[in-house]
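A.B. asks: Residue numbers (the working numbering): 187 to 544. Beta carbons are placed, not taken as given, at the ideal position from N, Cα and C, and that holds for glycine. Starting off with a structure, shown below.
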Amino acid sequence: MTKSIYAPLLKWSQSHYQLLPWRKNRSLYGTLVSEIMLQQTTVGTVLNHYDKFLKRFPTIQSLAKASEEELAVEWKGLGYYRRAKNLKNCAIEVTQKFKGEIPLERDVLLSIKGIGDYTADAILAIGANQRAIAVDANLERVLARLYAVKTPKGLKLQKELRELFHQKKILKDVASKDYRAINEALMDLGRVYCQARKAHCELCPMNTHCLSFKLKKPLSFPVQDQNKEKKKTVEHELHLLRLVIRKKDQVLVYKKNNQEWLSEQWELPTLVISSTDKKLQQYPMLESNFDFQEDLIVKTGITKYKITNYIHEENLSLHKLKTLGFGRVCEFQTITEKANFSTTTFKVLKQLENKKKK
Ligand code: SF4
């Protein structure tokens with residue numbers, strides 16, 4: 187048992203250890219995949235996708251060879267498709283330049299497109315149990331509190347924590363066998379006791395060493411940047427017309443491009459009826475008067491938009507679609523679970539089917 191001040195934390199962590207799938211069968215590739223999935227996505231969502239993704243792409247070489255379509259299907263539900271593209275680009279680079287072996291030098295890792303400070307450190311610390319500290323939002327908060335670091339929250343603080351670690355000013359007496367364990371224990375501590383809005387210091391295994399606790403102000407760390415204006419999230423109302431045009435067991439859809447939400451996914455021809463966001467460019471405006479009776483109304487949401495989808499089924503011609511303002515290239519795709527349709531498209535088709543059964 188290590189004698190460091192982190193011994194109680196590591197001991198506590200063993201009893202609260204979350205046996206997540208990427209912690210069960212450890213590999214550098216698995217760490218890369220899970221860390222990229224976990225950026226901007228909750229653990230719960232990643233849990234629903236990780237095993238399936240690894241089954242479909244069991245090696246970095248298989249991921250490097252994946253087509254856009256295959257990747258988009260497996261990534262669906264994880265959001266921010268750009269991360270999937272980054273992940274694939276990493277896989278291609280590692281396969282071509284490093285014979286499929288993820289390198290373990292920090293500088294080399296950082297030279298790979300799509301790998302930033304956090305991912306490089308996570309691969310080293312969590313994947314390879316090497317001396318590194320993967321400063322995500324949890325570690326940023328926990329370490330800022332443990333050491334009462336006054337640098338304002340954000341990239342500057344994350345950089346400072348990494349530097350303090352490399353200069354052995356923080357976490358200095360962690361044993362070399364415990365690099366992975368300390369990273370995961372700090373992440374777990376941030377999840378269980380040292381939360382953003384509440385710190386359960388009386389239960390925390392680090393409370394005898396925690397400087398912010400000694401100062402009696404744990405929630406004052408990390409310090410908020412006073413110069414940074416708090417961004418107000420403005421919500422927008424969006425009313426969309428979604429057109430269902432069928433041919434036997436197929437439906438007319440178009441592919442979303444890289445500049446749009448749900449990139450690479452197929453979606454029903456969609457037009458904006460009204461929007462409180464005048465800058466919205468995701469869909470064309472409904473141009474001409476179109477006297478339609480909706481078959482269904484479906485409520486959805488994406489980022490800051492509350493969306494009311496008016497579903498109308500009618501066998502309109504492509505020419506008619508154009509006159510309404512929808513000029514994108516469309517094609518008929520078979521309706522199957524495997525199709526890379528957007529979640530809303532699936533939802534709409536399912537609800538129409540249920541309605542017809544009634
Ligand atoms: S003592 Fe409190 S502030 Fe310090 S690490 Fe523990 S929970 Fe966080």
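Should residue 305 and residue 221 be called a contact, given that it needs their Cβ atoms to be closer than 8 Å?
C.D. replies: Result yes, Cβ atoms of residue 305 and residue 221 sit closer than 8 Å.
A.B. asks: Should the segment 354-361 be regarded as contacting the segment 385-396, the criterion being three or more beta carbon pairs within less than 8 Å?
C.D. replies: With a cut-off of 8 Å, the segment 385-396 and the segment 354-361 do not count as touching, because too few Cβ pairs lie within range.
A.B. asks: Return the first residue and the last residue of the alpha helix (DSSP H) that residue 345 is part of.
C.D. replies: That run of the alpha helix (DSSP H) goes 341-352.
A.B. asks: Identify which residue in 315, 313, 316, 307 has its Cα closest to the Cα of residue 325.
C.D. replies: Measuring from the Cα of residue 325, the nearest candidate turns out to be 307.
A.B. asks: Tell whether a beta-carbon distance below 8 Å holds between residue 290 and residue 273.
C.D. replies: No, the Cβ-Cβ distance between residue 290 and residue 273 is not below 8 Å.
A.B. asks: Which residues in the same chain have their Cβ closer than 7 Å to the Cβ of residue 487, if we skip the five residues on either side of it in sequence?
C.D. replies: Closer than 7 Å at Cβ, skipping near neighbours: 493.
A.B. asks: Alpha carbons only, please: which of 505, 382, 496 is nearest the one belonging to residue 481?
C.D. replies: Minimum Cα distance to residue 481 is reached at 496.
A.B. asks: Please tell me whether residue 287 has its Cβ less than 8 Å away from any Cβ of chain D.
C.D. replies: Absence of chain D from the displayed structure is noted, only one protein chain being present.
A.B. asks: Ignore the nearest five residues each way along the sequence and tell me which others in residue 208's own chain have a CB closer than 7 Å to its CB.
C.D. replies: 216, 217, 220, 236, listed in sequence order.
A.B. asks: Quick check for students: name the residue ranges of the alpha helix (DSSP H) that lie wholly in the segment 188-246, counting only runs of 4 or more.
C.D. replies: As far as the segment 188-246 is concerned, its whole alpha helix (DSSP H) runs of at least 4 residues are 193-201, 207-210, 214-224, 229-233, 236-242.
A.B. asks: Specify whether the segment 435-443 and the segment 515-529 touch according to this definition: at least 3 beta carbon pairs, one from each stretch, less than 8 Å apart.
C.D. replies: Result yes; three or more Cβ-Cβ pairs closer than 8 Å.
A.B. asks: Tell me, which residues are paired with residue 518 by DSSP?
C.D. replies: Residue 518 pairs with 438.
A.B. asks: State the Cα-Cα distance for the pair residue 188 and residue 362, rounded to the nearest angstrom.
C.D. replies: Interpretation of residue 188 is limited by its pLDDT of 44, a score under 50 that renders its predicted location unreliable; the figure taken from the coordinates is listed afterwards. Their Cα atoms are separated by approximately 10 Å.
A.B. asks: Please determine whether the Cβ atom of residue 408 lies at a distance below 7 Å from any heavy atom of ligand 3.
C.D. replies: In terms of ligand content, the structure shown lacks ligand 3 and carries ligand 1 instead.
A.B. asks: Evaluate residue 244 with the Cβ neighbour count: other Cβ atoms within 10 Å of its Cβ, from every protein chain shown; 16 or more gives buried, anything less gives exposed.
C.D. replies: It is exposed - the Cβ of residue 244 has fewer than 16 other Cβ atoms within 10 Å.
A.B. asks: With a threshold of 7 Å, establish whether the CB of residue 390 neighbours any heavy atom of ligand 1.
C.D. replies: The answer is yes for residue 390.
A.B. asks: Around the Cβ of residue 483, are there at least 16 other Cβ atoms within 10 angstroms (buried) or fewer (exposed)?
C.D. replies: Residue 483 comes out exposed.
A.B. asks: Within 10 Å of its beta-carbon, does residue 229 have 16 or more other beta-carbons around it, so buried, or fewer, so exposed?
C.D. replies: Per the 10 Å Cβ criterion, exposed.
A.B. asks: For the segment 378-417, which segments carrying the alpha helix (DSSP H) assignment without a break, of at least 4 residues, lie completely within its bounds, in sequence order?
C.D. replies: Listed in chain order, they are 397-400.
A.B. asks: Kindly indicate the opening and closing residues of the alpha helix (DSSP H) around residue 420.
C.D. replies: Where residue 420 is concerned, there is no enclosing alpha helix (DSSP H), given that its DSSP letter is neither H nor E.
A.B. asks: Is the Cβ-Cβ distance between residue 328 and residue 397 less than 8 Å?
C.D. replies: No, the pair does not count as a contact, with Cβ atoms beyond the cut-off.
A.B. asks: Provide the residue span of the beta strand (DSSP E) that contains residue 491, from first to last.
C.D. replies: Residue 491 -> beta strand (DSSP E) spans 491-499.
A.B. asks: Report the CB separation of residue 490 from residue 419 in whole angstroms; it is logged as a contact under 8 Å.
C.D. replies: Sure, about 6 Å apart at Cβ, within 8 Å.
A.B. asks: Any idea which residues DSSP pairs residue 471 with across the strands?
C.D. replies: Residue 471 is bridged to 458.
A.B. asks: Excluding the 5 residues flanking residue 317 on each side, which residues of the same chain have their C-beta closer than 6 Å to its C-beta?
C.D. replies: Once the five neighbours on either side are set aside, the close Cβ partners of residue 317 are 365.
A.B. asks: May I have the straight-line CA-CA distance separating residue 454 from residue 238, to the nearest angstrom?
C.D. replies: Roughly 27 Å separates the two Cα atoms.
A.B. asks: If you count every other CB in all the chains shown that lies within 10 Å of the CB of residue 374, and 16 or more means buried, which is it?
C.D. replies: Flag for residue 374 reads buried.
A.B. asks: So residue 427 and residue 457 are supposed to be a Cβ contact under 8 Å. How far apart are they, rounded?
C.D. replies: Correct: roughly 5 Å between the Cβ atoms.
A.B. asks: What are the start and end residues of the beta strand (DSSP E) that includes residue 281?
C.D. replies: Element bounds for residue 281: not the beta strand (DSSP E) but the alpha helix (DSSP H), 268-283.
A.B. asks: Tell me whether residue 447 sits in a helix, a strand or coil according to DSSP, three-state version.
C.D. replies: Correct three-state label for residue 447: coil.
A.B. asks: Residues bridged to residue 527 by DSSP?
C.D. replies: Residue 527 pairs with 452.
A.B. asks: So, do the segment 507-516 and the segment 467-479 have three or more beta carbon pairs nearer to each other than 8 Å?
C.D. replies: Taking 8 Å as the limit for Cβ pairs, the verdict is that the segment 467-479 does touch the segment 507-516.
A.B. asks: Please list, in chain order, all residues of the same chain as residue 232 whose beta carbon is under 6 Å from its beta carbon, the five residues on each side excluded.
C.D. replies: If we look at residue 232 and ignore the five residues flanking it on each side, its Cβ neighbours are 223, 224.
A.B. asks: Would you mind working out which of 250, 283, 194 sits nearest residue 270, comparing C-alpha positions?
C.D. replies: When each option's Cα is compared against that of residue 270, the closest is 250.
A.B. asks: Any idea if residue 462 is buried or exposed, counting beta-carbon neighbours within 10 angstroms, 16 or more meaning buried?
C.D. replies: Its Cβ having fewer than 16 others within 10 Å, residue 462 is exposed.
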